[in-house]
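Numbering (the working numbering), first residue to last: 5 to 298.
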């Protein structure tokens with residue numbers, strides 16, 4: 005299958021390109037960064053430089069694709085002016101799904117975000133209604149990043165109403181890899197009293213890449229949204245105890261799949277995508293939150 009992967013030089017895009025190629029797909033990698041003017045490395049994918057906020061460039065890279073994985077985005081609302089985050093993320097998604105519809109691409113994988121419910125970067129703080137959070141939780145975004153991702157999911161809804169395209173939106177939790185586990189999750193492992201982002205949820209980038217491959221190959225109709233997070237929480241703590249310690253009874257505790265459960269439920273992804281994560285923070289960090297010696 006010919007797959008276009010946007011944001012291919014980012015943390016998620018790089019892993020997705022590798023996993024899709026290992027699954028036997030022909031990948032065109034797309035990003036805004038300049039190509040290397042050298043002979044390609046053996047086995048490297050084709051690369052196209054493109055600014056996807058420009059409709060013409062988006063149409064150019066989508067033409068001929070059999071699936072699109074759209075991972076390109078400014079990844080949070082804190083390092084660019086708000087209007088830049090919103091305009092970049094929303095217009096690139098609009099242009100890519102518009103091109104996919106017009107060219108008759110059968111499958112579109114939209115990389116959304118765990119931030120869609122709105123409690124990650126709000127100006128007026130609030131908490132999720134319940135935990136573990138699932139796809140039925142209300143979306144109340146305030147910040148430009150979560151808003152852009154929420155509207156991106158609505159663009160997928162609109163696309164399936166007006167065409168035969170099949171769309172899947174993945175909402176990854178905080179993405180980790182070999183180089184950032186200690187920096188990001190180490191403090192939470194070492195100090196059980198420390199609050200964790202996203203109710204201590206996280207996802208290994210290679211497990212996320214596996215979910216992307218499943219989504220690209222899926223025959224599910226319409227538009228489905230899936231949270232993608234590891235089943236355990238960062239630090240492996242008793243989730244019910246941590247939730248009471250930090251939030252009292254402000255967040256309703258729903259049934260847990262395991263005592264050290266994540267603050268995000270991925271039951272839907274397990275059930276409908278057949279996604280089964282294989283990696284944990286324990287594979288990278290010791291009990292002191294330091295990188296394991298290999």
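Ideal placement from N, C-alpha and C gives every residue a C-beta, glycine not left out. Just so you know, these numbers come straight off a predicted model, no measurement behind them.
query = Beta-carbon separation of residue 111 and residue 72 under 9 Å?
reply = Here residue 111 refers to the residue found at position 107 when the chain shown is read from its first residue. Here residue 72 refers to the residue found at position 68 when the chain shown is read from its first residue. Contact flag set, yes.
ask   = Any chance the CB of residue 87 is under 8 Å from a heavy atom of the ligand ATP?
value = This structure does not include the ligand ATP; it has no bound ligands of any sort.
ask   = Shortest alpha-carbon distance to residue 226 belongs to which of 128, 160 and 138?
value = If you number the chain shown from 1, residue 226 lands on position 222. Answer by Cα proximity: 160.
message = DSSP has residue 173 in a bridge; who is on the other side?
response = For the purposes of this step, residue 173 is taken as the residue at position 169 of the chain shown. DSSP, once it has assigned bridges, lists 114 and 229 as partnering residue 173.
ask   = Per DSSP, residue 236 forms a beta bridge with which residues?
value = Locating residue 236 in the chain shown gives position 232, counting from the first residue. DSSP output for residue 236 lists 265 as bridge partner(s).
ask   = What is the DSSP secondary structure of residue 52, reduced to helix, strand or coil?
value = As a working note, residue 52 is residue 48 in the chain shown. Of the three classes helix, strand and coil, the one that applies to residue 52 here is strand, per DSSP.
message = Between which two residues does the alpha helix (DSSP H) holding residue 119 run?
response = Along the chain shown, read from residue 1 onward, the residue named residue 119 stands at position 115. First-last for residue 119: undefined, no H or E at that position.
query = Below 8 Å, can you find three or more Cβ-Cβ pairs linking the region 152-166 to the region 261-276?
reply = Here the region 152-166 makes no contact with the region 261-276; the two share fewer than three CB pairs at distances below 8 Å.
key: Anticipated Cβ contact below 8 Å, residue 249 with residue 131, distance rounded   = Indexing the chain shown from 1 puts residue 249 at position 245. Indexing the chain shown from 1 puts residue 131 at position 127. For a cut-off of 8 Å, the C-beta gap from residue 249 to residue 131 is around 14 Å, too long to register as a contact.
task = Kindly give me the distance between the Cβ atoms of residue 119 and residue 156, rounded to whole angstroms, as I take these residues to be in contact under 8 Å.
result = One-based indexing of the chain shown puts residue 119 at position 115. One-based indexing of the chain shown puts residue 156 at position 152. At roughly 12 Å, the Cβ-Cβ gap does not stay under 8 Å, so residue 119 and residue 156 are not in contact.
ask   = Going by DSSP, what residues sit across from residue 102 in a beta bridge?
value = Indexing the chain shown from 1 puts residue 102 at position 98. DSSP, once it has assigned bridges, lists no residue as partnering residue 102.
request  = Output yes or no for whether 9 Å exceeds the beta carbon distance between residue 17 and residue 76.
outcome  = The residue you call residue 17 lines up with position 13 of the chain shown. The residue you call residue 76 lines up with position 72 of the chain shown. Yes, these two residues count as a Cβ contact at 9 Å.
Cβ-based neighbour list, residue 95, same chain, cut-off 6 Å, excluding 5 preceding and 5 following = Along the chain shown, read from residue 1 onward, the residue named residue 95 stands at position 91. If the five residues before and after residue 95 are omitted, its C-beta is found closer than 6 Å to the C-beta atoms of 57, all from its own chain and listed in chain order.
request  = Decide if the region 280-292 is in contact with the region 209-226; the criterion is three or more beta carbon pairs, one per stretch, under 8 Å apart.
outcome  = Contact holds: three or more Cβ-Cβ distances are below 8 Å.
ask   = Using the C-alpha atoms, what's the distance from residue 261 back to residue 99?
value = The sequence position of residue 99 within the chain shown is 95, counting from 1. The sequence position of residue 261 within the chain shown is 257, counting from 1. Per the coordinates, the alpha-carbon of residue 99 lies some 39 Å from the alpha-carbon of residue 261.
query = According to DSSP, which residues form a beta bridge with residue 135?
reply = Residue 135 sits at position 131 when you count from the first residue of the chain shown. Per DSSP, 257.
Straight-line Cα distance separating residue 69 from residue 109 = For this step, residue 109 is matched to residue 105 along the chain shown. For this step, residue 69 is matched to residue 65 along the chain shown. Roughly 6 Å between the two C-alpha positions.
key: Through-space distance from residue 135 to residue 196, alpha-carbon basis   = For the purposes of this step, residue 196 is identified with residue 192 of the chain shown, where counting begins at 1. For the purposes of this step, residue 135 is identified with residue 131 of the chain shown, where counting begins at 1. Taking the straight line joining both Cα atoms gives about 18 Å.
ask   = When we look at the beta-carbon of residue 200 and count the other beta-carbons within 10 Å, is it buried (16 or more) or exposed?
value = Translated into positions along the chain shown, residue 200 becomes position 196. Buried, because 16 or more other Cβ atoms sit within 10 Å of the Cβ of residue 200.
query = Is the beta carbon of residue 125 less than 9 Å from the beta carbon of residue 146?
reply = Walking along the chain shown from the start, residue 125 turns up at place 121. Walking along the chain shown from the start, residue 146 turns up at place 142. Their beta carbons are under 9 Å apart, which means residue 125 touches residue 146 by this criterion.
ask   = Between which two residues does the beta strand (DSSP E) containing residue 9 stretch?
value = By one-based count along the chain shown, residue 9 stands at place 5. Segment 6-10, the beta strand (DSSP E) holding residue 9.
key: Buried or exposed (CB count within 10 angstroms, at least 16 for buried), residue 202   = The count along the chain shown starts at 1 and reaches residue 202 at position 198. Counting Cβ neighbours within 10 Å, residue 202 comes out buried, since at least 16 surround it.
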